[in-house]
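A.B. asks:
Residue numbers (this note's numbering): 3 to 118.
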C-alpha cells in the first residue's frame, strides 16, 4: 500500500481517544485537495487559524470546518458513486529520467471510494 493519511474523529481537542479513524490514500487526498483547501482549520504547529489541511502533520478541524468537510466528502462520495465499477483517475504530471512527461493514472473501484 502506498502513502496514506489518517484522520481521527474525536469529541474535543482535549480527548486522546478517537471515536473513529479514517485512512485515505494519498492519491485520493491529492485528487480532492483543492476542495479540502476550503475547510476552516487550525494549524497546531503554528498555532494559527487557516483554511485547508496540513499535508504533513496535524490539522485541527473544529465544528464549523467539520460540517463543511463532511459535506465535501459526502459530495465527492456521491460523485464517485456515479462512476463505473472500475475507472481511472488522473494524478500528478511526472517527468522520468529521460525528460519525458506524462500524467500518472490511478486505477480505482467505485466501491473502494464510496463504501465506509
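For glycine and all other residues, C-beta sits at the position ideal for the given N, C-alpha and C. Every value quoted in this text rests on a predicted model; they were computed, and no experiment measured them.
Out of curiosity, what's the CA-to-CA distance linking residue 7 and residue 71?
C.D. replies: So the alpha carbons of these two residues sit roughly 15 Å apart.
A.B. asks: Alpha carbon to alpha carbon, how far is residue 29 from residue 43? Give it in angstroms, no decimals.
C.D. replies: Roughly 22 Å separates the two Cα atoms.
A.B. asks: Classify residue 25 as buried or exposed, calling it buried when 16 or more other Cβ atoms lie within 10 Å of its own Cβ.
C.D. replies: Classification for residue 25: exposed.
A.B. asks: Let me know the secondary structure DSSP gives residue 93 once reduced to three states.
C.D. replies: In this structure, residue 93 counts as strand in the three-state DSSP scheme.
A.B. asks: Take the Cβ of residue 84 as the centre, count every other Cβ of all protein chains shown within 10 Å, and call the residue buried at 16 or more, exposed below.
C.D. replies: So residue 84 ends up on the exposed side.
A.B. asks: Looking at residue 88 and residue 116, is the spacing between their C-beta atoms short of 7 Å?
C.D. replies: No, Cβ-Cβ distance for residue 116 and residue 88 is not below 7 Å.
A.B. asks: With a Cβ-Cβ cutoff of 7 Å, do residue 54 and residue 38 count as a contact?
C.D. replies: Yes; because the gap between Cβ atoms is below 7 Å, this pair is in contact.
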